[in-house]
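S.K.: Take a look at this one; I'll ask things after.
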Amino acid sequence: GAVVSQHPSRVICKSGTSVKIECRSLDFQATTMFWYRQFPKQSLMLMATSNEGSKATYEQGVEKDKFLINHASLTLSTLTVTSAHPEDSSFYICSARAPDRTQHFGDGTRLSIL
Amino acid sequence: AQSVAQPEDQVNVAEGNPLTVKCTYSVSGNPYLFWYVQYPNRGLQFLLKYITGDNLVKGSYGFEAEFNKSQTSFHLKKPSALVSDSALYFCAVRDDQAGTALIFGKGTTLSVSS
Numbered sequence: 294g295a296v297v298s299q300h301p302s303r304v305i306c307k308s309g310t311s312v313k314i315e316c317r318s319l320d321f322q323a324t325t326m327f328w329y330r331q332f333p334k335q336s337l338m339l340m341a342t343s344n345e346g347s348k349a350t351y352e353q354g355v356e357k358d359k360f361l362i363n364h365a366s367l368t369l370s371t372l373t374v375t376s377a378h379p380e381d382s383s384f385y386i387c388s389a390r391a392p393d394r395t396q397h398f399g400d401g402t403r404l405s406i407l
Numbered sequence: 078a079q080s081v082a083q084p085e086d087q088v089n090v091a092e093g094n095p096l097t098v099k100c101t102y103s104v105s106g107n108p109y110l111f112w113y114v115q116y117p118n119r120g121l122q123f124l125l126k127y128i129t130g131d132n133l134v135k136g137s138y139g140f141e142a143e144f145n146k147s148q149t150s151f152h153l154k155k156p157s158a159l160v161s162d163s164a165l166y167f168c169a170v171r172d173d174q175a176g177t178a179l180i181f182g183k184g185t186t187l188s189v190s191s
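Just so you know, the sequences run in chain order A and B.
Just remember that the working numbering sits 293 ahead of the position in the first sequence, which is counted from 1.
Just remember that the working numbering sits 77 ahead of the position in the second sequence, which is counted from 1.
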């Protein structure tokens, strides 16, 4: 079946570091990918919609200069958390929309900023 | 605006008994409805979806859901629960006219006891 690969699965780094998370659709082309953030025991919050070849669309309250999104190809989107701080610690999950309209999800990235 | 409600934070059921996890939705156009399951520290696994056609949708691991337009509901069901079904379940909706990302309910924790 459709698979979305997200890497890395866990990151621990110092405050002020920038962290890049990759999201790949392995067996289908995805013109649209999505980035979500999930707090403990809470639902997924949509951060932004990533469109291949164009600028990402950010949800209200999400800083686009803080969370840089690049969707350079039909199978890869990246999220870079710039100058990360402890409050950015969270579980980040990417998703890719398959041609049959199903959204498939990566396994998530646990980001911990010390 | 789109929204999803999962009225129960937790559902407890004994192994072998039928289970139901409730979901109601609100969209402007026609709904695309999905159920996902999440295990600890993992991404979301797709269970089933309703796009169009038969109101009763069958999905992975013996789960099914019934689309009820008049009640704007899409409850998840399984005839006989397994302990391994214990997880966090999310209902999600997308408006076919909006064409945007899935919007998720807050999630329902299913606990199946042996």
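Quick reminder that beta carbons are idealized off the backbone N, C-alpha and C, glycines included.
Model, not experiment: these values are computed from the prediction.
Determine, for Y109(B), whether the minimum Cβ-Cβ distance to residues of chain A falls below 8 Å.
M.R.: For the purposes of this step, residue 109(B) is taken as the residue at position 32 of the second sequence. Closer than 8 Å: yes.
S.K.: Helix, strand or coil for E380(A), going by three-state DSSP, please let me know.
M.R.: On the first sequence, residue 380(A) is found 87 positions in, with the first residue counted as 1. Looking at E380(A) - three-state DSSP - the assignment turns out to be helix.
S.K.: Using the three-state DSSP reduction, which class does Y116(B) fall into: helix, strand or coil?
M.R.: Position 39 of the second sequence, counted from the first residue, corresponds to residue 116(B). Of the three classes helix, strand and coil, the one that applies to Y116(B) here is coil, per DSSP.
S.K.: Contact check, E92(B) vs L133(B) under 8 Å by CB: the rounded distance?
M.R.: By 1-based counting over the second sequence, the position of residue 92(B) is 15. By 1-based counting over the second sequence, the position of residue 133(B) is 56. Actually they do not touch by this definition, with Cβ atoms about 24 Å apart.
S.K.: What is the DSSP secondary structure of D173(B), counted as helix, strand or coil?
M.R.: The sequence position of residue 173(B) within the second sequence is 96, counting from 1. In the structure shown, D173(B) sits in coil (DSSP, three-state: anything other than H, G, I, E or B).
S.K.: Specify, as a first and last residue, the run of the beta strand (DSSP E) that S318(A) falls within.
M.R.: Residue 318(A) sits at position 25 when you count from the first residue of the first sequence. Residues V312 to S318.
S.K.: Would you say L339(A) reaches chain B, if we count a Cβ-Cβ gap shorter than 8 Å as a contact?
M.R.: Counting from 1 along the first sequence, the entry for residue 339(A) is found at position 46. Answer yes: the Cβ-Cβ gap between L339(A) and chain B drops below 8 Å somewhere.
S.K.: On the premise that C316(A) lies in contact with C387(A), defined as a C-beta separation below 8 Å, what is that separation, rounded to the nearest angstrom?
M.R.: The count along the first sequence starts at 1 and reaches residue 387(A) at position 94. The count along the first sequence starts at 1 and reaches residue 316(A) at position 23. Contact holds; Cβ gap of about 3 Å.
S.K.: Measure from the C-beta of N118(B) to each C-beta in chain A and report whether the shortest distance is under 8 Å.
M.R.: Taking the second sequence and counting its residues from 1, one reaches residue 118(B) at position 41. Yes, contact with chain A.
S.K.: Report, in whole angstroms, the separation of the C-beta atoms of G184(B) and Q83(B), which I expect to be a contact under 8 Å.
M.R.: Position 107 of the second sequence, counted from the start, is the residue given in the question as residue 184(B). Position 6 of the second sequence, counted from the start, is the residue given in the question as residue 83(B). Yes, G184(B) and Q83(B) are in contact; Cβ-Cβ is about 6 Å, under 8 Å.
S.K.: So that I know if they touch, is there some Cβ in chain A lying closer than 8 Å to that of T129(B)?
M.R.: Reading the second sequence from its first residue, position 52 is the one you call residue 129(B). Chain A, which has no Cβ nearer than 8 Å to the Cβ of T129(B), makes this no.
S.K.: Exposed or buried, which one is P333(A) when buried takes at least 16 other CB atoms within 10 Å?
M.R.: The residue labelled residue 333(A) in the question sits at position 40 within the first sequence. So P333(A) ends up on the exposed side.
S.K.: Taking the CB atoms as reference points, tell me whether Q115(B) and A169(B) lie closer together than 8 Å.
M.R.: Translated into the one-based positions of the second sequence, residue 115(B) becomes position 38. Translated into the one-based positions of the second sequence, residue 169(B) becomes position 92. No, the Cβ-Cβ distance between Q115(B) and A169(B) is not below 8 Å.
S.K.: So Q87(B) is in the beta strand (DSSP E); what residue range does that whole segment cover?
M.R.: Stepping through the second sequence from its first residue, residue 87(B) is reached at position 10. Residues Q87 to A91.
S.K.: Using a Cβ-Cβ cut-off of 8 Å, state whether F140(B) counts as contacting chain A.
M.R.: Counted from its first residue, the second sequence places residue 140(B) at position 63. It does not; no Cβ of chain A falls within 8 Å.
S.K.: Shortest alpha-carbon distance to G309(A) belongs to which of H378(A), F384(A) and T350(A)?
M.R.: Position 16 of the first sequence holds residue 309(A). The residue with the shortest Cα to Cα distance from G309(A) is H378(A).
S.K.: I want to know whether the region 328-343 of chain A touches the region 382-397 of chain A - three or more CB-CB distances under 8 Å.
M.R.: Yes: the two stretches touch, three or more of their Cβ pairs being nearer than 8 Å.
S.K.: Under DSSP, the beta strand (DSSP E) around I362(A) begins and ends at which residues?
M.R.: Locating residue 362(A) in the first sequence gives position 69, counting from the first residue. From DSSP, the beta strand (DSSP E) with I362(A) extends over F360 to S366.
S.K.: Which residues in chain A sit within 9 Å of F63(B), going by Cβ to Cβ distance?
M.R.: Nothing in the structure corresponds to residue 63(B), since chain B is present only between 78 and 191.
S.K.: For a quick check, are the C-beta atoms of R394(A) and N118(B) less than 8 Å apart?
M.R.: Counting from one through the first sequence, the residue named residue 394(A) turns up at place 101. Counting from one through the second sequence, the residue named residue 118(B) turns up at place 41. Not in contact: R394(A) and N118(B) (Cβ atoms no closer than 8 Å).
S.K.: Could you check whether the Cβ of D400(A) sits closer than 8 Å to any Cβ belonging to chain B?
M.R.: For the purposes of this step, residue 400(A) is taken as residue 107 along the first sequence, with counting starting at 1. Chain B contact via Cβ: present.
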